[in-house]
Structure formats: C-alpha cells, structure tokens
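Shown next, in structure tokens, is the structure this report addresses.
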Amino acid sequence: MSIVDFSAAPHHHAEILICIQVAGNLQAQQLENALSKIRKHTRLTIADAGRVVYFRFQVDASPENSKWGIFQPHRKSMGFIMLAGCSTAMDVALMHQKFQKNKEVFAEYIFDSRCFVFGIDNAMLQQNKAEVYQYSDVEAWKTCDRDIKDFLTSVFYVLESKRVHIASDKSDRPPLLTAPFEANQSSNSDSDSRSFRKKTFGRWKKHLADISLLAGLYLEALQNYRIAIDALGFVNDQVWLGCALEGLCVVSAIVLYPQGTEIPQISFEKHEDVQKQTLDPKNLLSWNLTGAPSTMELSKFCVNGTEDFIEKYKDGVICYTRCQDMAVVEVEACIKATKVLSTLRKPLKAAEFIQNAIYIGLNITHAERITKYDCMANLYTKINFHRKSSFYKRIAAMQCVAPNLEQPDWFGCNLLLQGTLLGSKLDLTNDRGVPDDSLTPYYGWPQIQLRILHELIFASRRIGDNQMANRYTVYLLMKMNKHLTDAEIKEYCLSLETSANKISQEKETELLQLQDGTILPSLHLYTLPIVSSVSPQRLAEHLRPYKLNSSKISTSVFLFSPFSQQTDDTTHNIDFQWTVNTLSETCLKITNPLSVHNLRLTGLKLICEMKSTEEKVGKLFECHSVAVDVPAQASIDVSLVVVPYTHGCIHITGYEFVLFGIKSRCLFSLMPWLKVNEFEIEVAPELPLLQKTPSSSKENLEVDLYPGEKKTVEVQLSNLSDITIDTINVTSTVTMPTVMTSFLSTRSRPRLDDSTFGFKCRDINLPLLPRQRDVLVVELIAKFENYEDSNVITNQPDARYEGHVKLRYTGIEGRNINWCREEKFVVSASLHPGLFVEKLEVLPSNKQGQCWVSITLINFSQQSVVISSKRDGNIENEASEQIVDRDEQVQLQFHIPALNIKSSKASLEKYKSWNVAPSSECVNNLQTQLSELLDLKWKIPESQRSGTIDLSTCSLSRDSVVNLIKPPLLWEVFFNDGDVTETGHCDVVISEPYTLTVKITNKSDCCIPSLDADLELFQDQLNGFREWNMEDCLLCLSSQSQNFQQVEPGSVVEFECILVFLLAGVYHVRLHRAPSNLCDVGHVMRTSSGNEQCENFHNFSPKLIVSARVR
Amino acid sequence: MAVCIGVIAKENYPLYIRCAPNVENEVNFHFTVHTSLDVIEEKVASLGKSTSISTTDLREFYLGQLYPSEDYRIYGYVTNTKVKFVIVVEAANTQLRDNEVRSMFRRLHNAYTDVICNPFHVPGDKIKSKSFDSVASSMIVPERKKENPLVI
Amino acid sequence: MQEDATNVLFELLHDELISYVYSNDIDMKSKQISILESHGFRIGQSLAEQLTKDSSRFKDELEIMKFVCRDFWSAMYQKQVDNLRTNHQGVYVLQDNCFKLLKRISSGKQYLEFAPRFLAIPCGFVRGALANLGINSIVTAEVISMPAVKFQIMIQRV
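Right, here's the structure in full:
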C-alpha cells in the first residue's frame, strides 16, 4: 500500500467502504447531484438484524488498498457503484461492458455492485441487465433512496454472513491470515507450533473484531480485539498486535468520545429513519434496537480513560514502527490518533503523534509530500499549534516551487503560504489598516514575518495577483517599515506604484479574497501616511458669519443642567461657523513615516456628513480633492476644502485618499491619537457679500482735522453676491493706537472716545440689489474740550485716531435666523493741535437773570485763527471777530441771559431731587445750550479751514454752573409804584408813607408749596456795624414777614408793606426769604460737606437803599 | 553546547536570538524557536489547567525537551514572568545531560535578571546587553573547522 | 547590624526621592504622585524578575498574590503582609498593620495628609511586580491611621 490517505479518520474503521466510479459523459453538476444523493446514505438501519451500519463512499477508491482487506477490512471496497452518462443505446451497451470490466478489478473484494446509467429514457431502451439501472436524468432518479438502500443492505448481508461464518467457524486449523507484505514470509513459519496457532487464532479474532465493527456490533468488536491483543501480544506478532490495539482504541474512541468533531456521523447526525424512532441522541448507542448493549456495558471493554487510550495507541504505533512496510498504516494511525486527541484537548500528546508522523519515511511522490506537510500543518491547526502549522505550511509551499521542479506550482505555493499568515501573527483577515491602539508596541516576530511576507509578495506576483501582492507590500510598509532597509522600502514603493498604475486602469478596489475564500476587509491606510492633527479653519474675516443678536443662545432651556456636562466630548464642537456656498478649509498635518520615498496622495479630501435643517434635495456639500506629495520622514500641512450647500450642521468624520491605487477612507473615530470622533461645525445660511472700495482693508481712509472741524468720508460698497442685502447695521467705535495713548495721557490731551471724536454714518439706501453699489458717508467731527493743564508744551504733535466702522449686513434668509456678515474698515484721523479752551467760567451779573461768560482760548495751531461769534441782541461782547495768533491766549467775555434747566421734568417733580448737586446730564445740557447760544466759530484763513468751538465738553466749575442757571424766582420791586428793581435806590422824604411792593414770579416749572418772605430793615453804620433797632427811625405799617402757599409756576405773588421813615438817613431794605425753608427751589444743599448748610442758588434778592431826607 | 539560544518576551516576540557563528541560514533557527512556542505555551497552560496534579516537575521553570526534530533537540524554560528561554542543541551532541541543560538555563535566567535590573534597559526592548551576550555566547558552540570531505 | 544599615539606607533613599520629586527642581506640579508611582513600577518590575528567580512556577493568581504578600514584602520591608483578603472577583486587599515606610513618620493621624506621597512608590512596586508576572492591575493605598496601610489591588481583565 503506497498511497497515504491523509484524510484518514478513526470512524473509517466502522464504515463499509463503497467504491464509486464515474464513466461516460456525465456533466459535473449531474455527477455532483448524483453523488450527494448517494452520500446521504452513510447510515443504514437494518431493522431485521437490529443494527445500524455506516458506509463510506469513495470515488475511485484504489483497488490496491482493497488488497489490505484481510488486514484492515475497512480499507477494502465492499461495494462498487458506477455512475455513467449515456446518450445512445450504443453508449449503454458500451457502458455495460465497461462496468463489467471495471467491476472485475474489484471482483475479489466486492460483495455487490450497481451501475446507474443516466441520459437514456427508461421506456425506450430498457436493457434488462442485472445490476444496471437506467434513468433519463439524475433529477429523474426518484428511486434513488430505495436503489441505494437495497444495494447497501445487500452488501451488509453478505458481510454479516461472512461475520457469522467466521464467528462460528470451529475448524481446527484455520489458515493464517496475512497482510499483503507478509505473503512470502508465511511459509517459513512452523505451522504446527503452539505460537503459530496462537498467532493464527489472534489474527482471526482481530479480523472478526474488524468485521464486527463494520457490521455494527461494537461489543463483539471490543471483546474480540481484547482477545486478539492478548493472543498476539503473547506471540509478539507486532504488526497485527498494533492493528488490534489501534482497532481497540478506535472503537473506544467511538464509544467514549463521540462528541469529537471527527466522528460526526456516529454520534449526532440524525437521519430520517432515526428521527422516526425518536431516540435519545445523547445516548450513543440508543439507535441500536432492543437487546443492543448500552454504553456502560461497552465501556467495560474499552480503554481505561484517556491516558490508557494514549498509551495503547502509542503502543500500536510503536508496533507499526517495527515493520518497514507499515509506514502508510503508521502515518494514518498517527493522523487518526491526532484527530481523537485534538478533540480530547490533549495537544501535547497529539503533537507527539504528528511529530512521529512527520518523521516516518514514506516512499511518496513530490506531490504527496506536499500533501503530507499540508496535512500535518492542518493537524497542528487542530490542536492550536498555529506556529507549527504555519511552519509546515511554509515547508509545503517551498516544496511546490522547489528549484528542481520543472513546473513550479506557484498557485499551490501561494495558497499554502497564505495558510502561514495566522501562525505568524500576520492577521490580514482582520486588518483594515486601523491601528488597534497606538500605545501597544508591535508584537511579532519580525524576522519570520518579513520572510513570509517577502515570499508571499513574490508568489503573488508570480501568479499575477498584483492586488494581493500590493496588500502584503502595504502591510510591510505600514507595520514593519522599521525592519526594512531603505533600499527595500524604495523598491517596494516603486513596485506598488507601477502595479497601482496597472490596477487603476482595470477595476478599482474590489474586495480581496484569500485562496481559501476568506474575504479580506478593504484596507485603509491609517498609518501610511499618518495624520497627526486635524483643525478646521475659521473663514476669512469678511466671509465669517455672525449672529445678529450677539446674546448667546443657550441650547438648553435650563440655565444649568447636570446632563449637559455628560455630552459626548469626543465630538469636537467648533465655536465658529461656516457659511453656505463658501469655501471652507480644514488643515491636516500629514506625516510620512517612511525613511525614504515620497508618498504621492491623490484624491485627498475630507469625509463629511451633513444634517440639513431644511429639506434639501441634491448635494448637501462638496469636498474638493487635492493631490499632495509627502516627502520621506517629513510632515506637511494640507488644507482641504469643503463647500456646504445648505445650512445646518456639517460633521467632518474623516478623510480619504488614494495611494498606490488603494482608496483609503480613514475615520477620526478610529484614530486614538486625535482624541475626537468628529468635528461638528455649524453652517450659516447663504449670506450676501459686500465689498468696499478701496477693497483692501489695509488701505485706511485718512483725514486730518482740527478740533471743532467736521469732514466727511465716502466709502463705496458693492454687493458682490446674488443676494439682495436688506439689512445693514452700522456701528462705529473710536480708538487710538496704544503707542499714542500713553504719550498723550501724560499731557492730558483730549481723551479719544466718542465724546471727543464724533462719528456719524449716514444710512445707505436699502435694499442693495445684487451687483449694485452704494456710498456710505461717514462724518467725522473733532470735538473741543477745555484745556486743564496749563503747563503743557504747546508744540504737540498730531494725535491719530482710528474710527472703526463695522457693518453688519445680511439678506432676507440670513436675517430670518439672525445670521449676518461683517465688513469692517478703519477711518484714521489725525487731530492737529488747534484751539483749546483753557478756561470756561461763568460769573454772576449784577442784572437779575443774566450772567457773564468768560472763555479763555489758546491757539496751539501753527497758524493764526480768527474767532467769530454770533451777533445777537441778547449777547453782549466786545468784538464779533477776534484774531488769535499762534500760541496766543485770548479771553472772550459774553454777557448772556441765564439759562433754563432743560433737564428732564421727572427730576424736577420732586423737590428733594434738587437737594443734590446738579447732575452731569444737567450740566452737559447747560453747556450745549451755551454753545448753541454763543455759536462760536473759528477760521484759519491761511489754510481755508473752519470749524466750531464747542463748549459742551468743557468742564465747568460748580460756581459757574450755579451762575449759569436762571434763578427760579423773579423779583420786581416797586416803591410807590416806581420800579426800582434795576436801580435799587430811591429817595424818600421823612414822615411820608411809602408803599413797598415786591412782586415774586415763580419762573421755575414747579409749584412752590411754601414761600416765606421777611423784610429786613437796618442802617449800615459803615464801620462794620449794622443798626437793626429801627423802632425810632421808621414805621412799618404791615407785617414784616409774609407767607405764601402753593405758588404755582408762572404765578406772581406780591409782598406789600407801607413804610414811613421818621428820621433822615440811609436805610437798607431787604426782602429775605426765610432760611427755614430748606426745600426751596432756590436752594441747593451741598452734599459734599455733608453739612446741612444752605446756599443761595442765586445771590440775587431785592435790596433797596433808601435815602431819607427832610423835605 | 547549544547552536542557538533564544529569549522570548511575555508577549511572544523575540528579545534575543543568538545562533552559532557558523550557521548559514539563521532564519531557520528563528523558525525553530518560534514554533517551539506552541509547545511552551501548551506546557505553561497545562499547569493552570491541571489542578489535581501537583507534580513538582510541572512547577519547575525547566520544561525539558520540547520536541524532537531530526537534527536538533530543543529545550525550553519559562520564568514566572513568562519570559521564555529556548536552547537548541544539535541532535548529534549526545553527551549533554539534562542537568547540564538545566544549569545553562539557570545561568541564562540569572543573566536575564541582571538585564532587567539594569537601569539602562527599557523593559520590553530587545536585549542589547553585552554581559548577557557574553553569557549566551559562552554556551554556544564555537565555530568549527570546516571538515574537508576530500581528506580520507 | 549590616542588614539594618541597608534597610535604613533604602528608607533614606526613598525619603530623599520623595523630597526631590516634591522640590521645585522639577517642573511637574500635580504629577508628582504619578512620577513616584512610575518609579515604583519600574523597580517592581525588576524586583519581580529577581525575586521569583528561585521560587517555583506559580500556578494561578492567588499564588502570585501570596508571593507578593510573603516573599516580596519580606524582601522590601522585612516583614510579611499581615492580612490578605479577596472577593474572588479580582479585588485583593493587602493589609500591613505597621508599614515600614510610615512607621517613623507617625502613629496616628499626624502628617496624614502626607501619606499619599510615601505610598506612591510602594503602590508602584506592587503594580510593577504584578505586571511583570502577567497581571495588569490598579493598586491604591488607604490609610486611616498611620502606620497601618491597606493596599487594594484591582485586577484589570482584558
């Protein structure tokens, strides 16, 4: 026996072998169908005999093996089936002949035979020949089950009869059974000796056991094996002893370890006939009909546990070892033992059997040697010795392409090499290029992995499987580039590039398959190159969207929610927005880990997802792709562009590119070093785009101004977009460059803010249609402020101011959800030194309701300035025009009527409010009134510049404020109907009665609830002493003090009394308001001192000097 | 004397492989050592599995001969830290006794411990220590003179 | 006598290491504990290699724990762990009623707030030793009253 069955399995011992031959032209599909119909019948219940027997069908079973039928009956073909395809009657006849001929080869062994002919209509050409059945088609073979069962039953009964015959044979001298190789040796032996008889007895018992096993009698088989072992052991019949031991082990395995995957038919597989009997499948032998021995009974004769099994099997194998001719049997025994042990989880023992099998010298062909190594590798896989398995797979692979072969089998080599991947921990089947964990180092055996990958690449290229070769190469470059030399890296990269060119012309990335059918997941080059950082970029300033109402909109209705903090922080929310139809950039830092060779990436673009807030058909966004070259061991920054087409949220989840013809899609979520799964960016709706002319924002608009001067600047605005601008919101702020600020502040120069530097933008005509222009007019006014520090060097440089104008504009769509764009520009103004108000003072006038305004101006400009004021009847001043030379001071004086407080009424409604100092609002108001009243203008004749002098920002002392305010009470004094208010002086004659009338008008806006007036009469002695005792000097004919209630605004009250002067002299008459009335309109409480000290708001009160003389 | 000495990390990657200087195809020894890991792993695992058997030899670091091959005998040794040592001996070298192999492993283990305790060694890195190398080299068969087949 | 001297040396070195890490020389605020722990880890790794060299092969996790409690502790602190408990679900508690590195610092609650820095290295020792013996774990220490310490080992199963 020379052909090793590397698929040998222990259950073969219990299966009757049926040889199947195929003849004629039977289509492959038909043959397949026919075979599967036949192969269903591996198990047959013989109800009459109370047995279940098993069959094994083997196509083209070797007649050579059948010769070993005496030694091991399961090797012998006991039945013969021929499947034939015929189309004509002639064929049938020929086929019948062939059947007879082929059967003849097995005639010595087989018990029965059949020939099934397909392709001939049964009715047409029925040739009644024994054992030949004709069917029109395999499909039409309805009687298959019956035909096969009949045939198998027939085979069984022949076998059973033989068994019975042997079992009951009581012949005194049975012939010695011999294995084929023993045929010649037998004659030498002494056929009479006791040992010979013992040997004969043992061999027959062993044979009986074999046949009993095939016939489904396990107990008989076990018992006879035991007897045989004893007998053969006694006579030291090594070969047959080994075979008996193996038989015992095999039956024991079938009985004791049916759960093993290698013995499926006998243990669990249910067939129709068994199912009908509703038997317990757990009980191995329950299918045996009544009277069959139970597992318990059987196990008494079985080997005693696993250890015994191993030992007996080992003994058996050792017996075989002693005979050279048994090599095949020994190898098969080892294979079978391994299979049992692998199911028993005895890998170490199994490994010993495999090891033994490997070293058994077999006289086999080169092809068989390959099969042998492959088989051994598979056995190692069974016991999870993957490294060993991989090792033998590789040996088998190398045998396929051994240098002495004329036709090396590269396909076979490739297939076998692929089998080494698992054992060498090259896990391509799960490799998607994703780094498992950037922290774990690379655990592998580089020398071995490199070798295997090199070989795989070579083999794949030889068979033209460039895709697989590329896959291996990429694996090398991605994971093992540290172990490659520069030259190797270069070479591999170049080979990838050349083959990538070929592939891209053919089909693009389809799923790769290993030769065993394992589909490799598509590979994504996460680490070739490595993207180490990703950062979405803000839009350029003028393209950025802004929220119209800047108040932050909370995403939650709760001010604080503990849940909001548990949000998935792996989604990186970006605090800026992008805009529809605007190119938006994301920057990737890309590193090439290879020590040599540039990586040329094409089609590099972002992977995005977009959740639109509105229904929108078609593309929601577009990613633009770029091609980049990443130099060896270098990092480059690449900007990738995406254009959103709808507003909502765009999620950037990864990037994709093509390298070496491999299209990779890399997701951030699988790149642990990025620490984000995606970037979420809000996309604002499409917004219009304004452009100002001059377009560049760097080009500043420049003006120069003197204080008090006004200028306008025009900026042209064009709507560049297709969207109508219907809202423009202009705001402006003024700043000065910081360098200047500190410099100026030391000199108390005018502060630069809105109050100093006026900025007005006139409205633009809206809507601004697409492609239209308009002009924005900006008005600049430099304001005045008084100049407090008199010690300042007059020679000051120009101050520079910057007016920042911010335009927020949007279209209708943007406005609806409060999005806008911003356009900014700067107007810079230099403020020349000009006129400054050094001092602004208001002095009391001797006229009731009037005051003096004194303004001191300094001319700091380089030119002479002409100052002019309004000519008005109310104002008295020296000259209407005055020239001030540079660095000169001038004092202007104006006598003007006092001013009303035009402060808000609300503050006056309550008297109490007047008990505090005048508000700054009130003071400002007064100053503005003053400016308007005086209407001072300046002019520089030299440079044709002119402007106003604004006093509204000058500071006013407290006294000045008091003097500027018109008194709330107007006094008019009449003496005997003569108005003496102005003069305050009158002459009287003694002893004449005079009527003194003082009319008091409430000029304020408030009602005075109570007004007390006291008349004071005294004589001034002119020596610092006043004579108050006037009893002898004059008579007052009415009450000297009077009280008025509820003096309404505008109403007049009169204080009247009659005075008679008795002595000549100069008398002082004064009407004094009672100091008790603190809440009076005319009083201001000084809050600064905290004392309840009162002061007249206006000094003026009626005073009269009366000169009395004798008539 | 060994023809190859291997030290394999806990995670089953090579920390140190040294072959006899006259070895032609060093990668074959890598395969030999690599495949022996299957047996070592199985032997190590069998200690945990067999709770009932507390045989002392299972407790030993020395695993004995791992598997026979035609040309070599391969011995294994595993530390408590699951670092594996493998010594490959030529099958022809029959003088070497089990105890000698055991003591070779012992010396290797001691040398390895010194490597680990060396502050310049990063745990998990390949062994670059010269002192370890000299210990291993001392166990490797020195280069033999090429036998001239023509000499009778 | 000589034995004592080496032990004292170890303690002094330990204390100096802590004070160095906590000094301003190294700019690693808030990371000191982790620095100390990683030092301990590296030492623990080496020690495990050294100390298991002559013992027999460990059968299971519990044997490794017993090694830590007996041999490892004796080598480091000249005493064994007083009590070893486990919930059989991967948590072990090693109690040392008189932990050597705290013994001289306090008995009671004085300086309790400084206990963590003196236990960082010992925690690293245990974690490093276990890691080298094939057990990934998280080791923490708990002190209620010095010098008693409870080391808790949580095994990290993959």
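Residue numbers (the UniProt record's numbering), protein chains in the order written: chain A, 1 to 1111; chain B, 1 to 152; chain C, 1 to 158.
For each residue, glycine too, the CB sits at the ideal point set by N, CA and C.
Within its own chain, the residues whose Cβ lies closer than 7 Å to the Cβ of residue 420(A), once the five positions on either side in sequence are excluded, are 390, 393, 394 and 452, listed in chain order. Within chain B, 79, 80 and 81 have C-beta atoms less than 8 Å from the C-beta of residue 52(C), given in sequence order.
At the C-beta level, residue 78(A) and residue 54(A) stay beyond 8 Å of one another. A straight line joining the alpha-carbon of residue 362(A) with that of residue 327(A) spans about 6 Å. Using a CB distance cut-off of 8 Å, residue 357(A) does not count as an interface residue toward chain B.
About 6 Å separates the beta carbon of residue 92(A) from that of residue 117(A), a gap short enough to meet the 8 Å contact definition.
The C-alpha of residue 101(C) is placed about 22 Å away from the C-alpha of residue 85(C). Contact between residue 935(A) and residue 869(A) is confirmed by a C-beta separation of about 7 Å, below the 8 Å threshold.
One finds 27, 30, 31 and 34 in chain B with Cβ atoms closer than 8 Å to the Cβ of residue 448(A), taken in chain order.
If you look at residue 85(C), you'll find it in the beta strand (DSSP E) that goes 83-86. Around the C-beta of residue 101(B), 16 or more other C-beta atoms lie within 10 Å, and the residue is accordingly described as buried.
With a beta-carbon spacing of about 5 Å, residue 25(A) and residue 85(A) fall inside the 8 Å limit used to define contacts. By alpha-carbon distance to residue 848(A), the top candidate from 812(A), 964(A), 708(A) and 1036(A) is 964(A). Residue pairing for residue 62(B): DSSP places it in a beta bridge opposite 77(B). Judged by DSSP in its simplified three-state form, residue 620(A) adopts coil rather than helix or strand. A Cβ-Cβ contact shorter than 8 Å links residue 1007(A) with residue 1048(A). Its chain contains 21 as the residues whose beta carbon lies nearer than 7 Å to that of residue 60(A), once the 5 sequence neighbours on both sides are disregarded; these appear in chain order. The alpha carbon of residue 168(A) has as its nearest neighbour, out of 531(A), 15(A), 205(A) and 801(A), the alpha carbon of 205(A). With fewer than 16 other CB atoms across the displayed protein chains lying within 10 angstroms of its CB, residue 103(B) is exposed. Residue contact check for residue 120(B) against chain C: no CB pair falls below 8 Å.
In this model, residue 95(C) and residue 144(C) are separated by some 12 Å (Cα to Cα). Rounded to whole angstroms, residue 309(A) and residue 63(A) show a C-alpha spacing of 32 Å. Excluding residues up to 5 positions away in sequence, 400, 401 and 402 lie with their Cβ nearer than 8 Å to the Cβ of residue 408(A) in the same chain. Taking a Cβ-Cβ threshold of 7 Å, the residues of chain B close to residue 388(A) are 35 and 38, in chain order.
Judged by pairs of C-beta atoms under 8 Å, the segment 140-156 of chain C touches the segment 111-122 of chain C, as three or more such pairs exist.
In the structure shown, the three-state DSSP call for residue 35(B) is helix. Residue state for residue 82(A) is assigned as strand, using DSSP reduced to three classes.
For residue 456(A), no CB of chain B lies under 8 Å from its own CB, so it is not counted at the interface with that chain. Taking C-beta separations shorter than 6 Å and ignoring five residues to either side along the sequence, the partners of residue 66(A) in its chain run 76, 77 and 109, following chain order. Secondary structure remark: continuous alpha helix (DSSP H) runs of at least 4 residues inside the segment 67-131 of chain B, in chain order: 98-116. Burial of residue 73(A) is indicated by the presence of at least 16 other C-beta atoms within 10 angstroms of its C-beta. Between residue 724(A) and residue 685(A), the C-beta gap is not smaller than 8 Å, which leaves the two residues out of contact.
Taking 8 Å as the threshold, the shortest C-beta distance from residue 157(C) to chain B does not fall below it. Neighbourhood of residue 347(A) in chain B, by CB distance below 7 Å: 42, in chain order.
For residue 316(A), there is no enclosing beta strand (DSSP E); the enclosing alpha helix (DSSP H) covers residues 305-321. Taken in chain order, the complete alpha helix (DSSP H) segments of 4 residues or longer contained in the segment 26-71 of chain A are 28-39 and 63-66.
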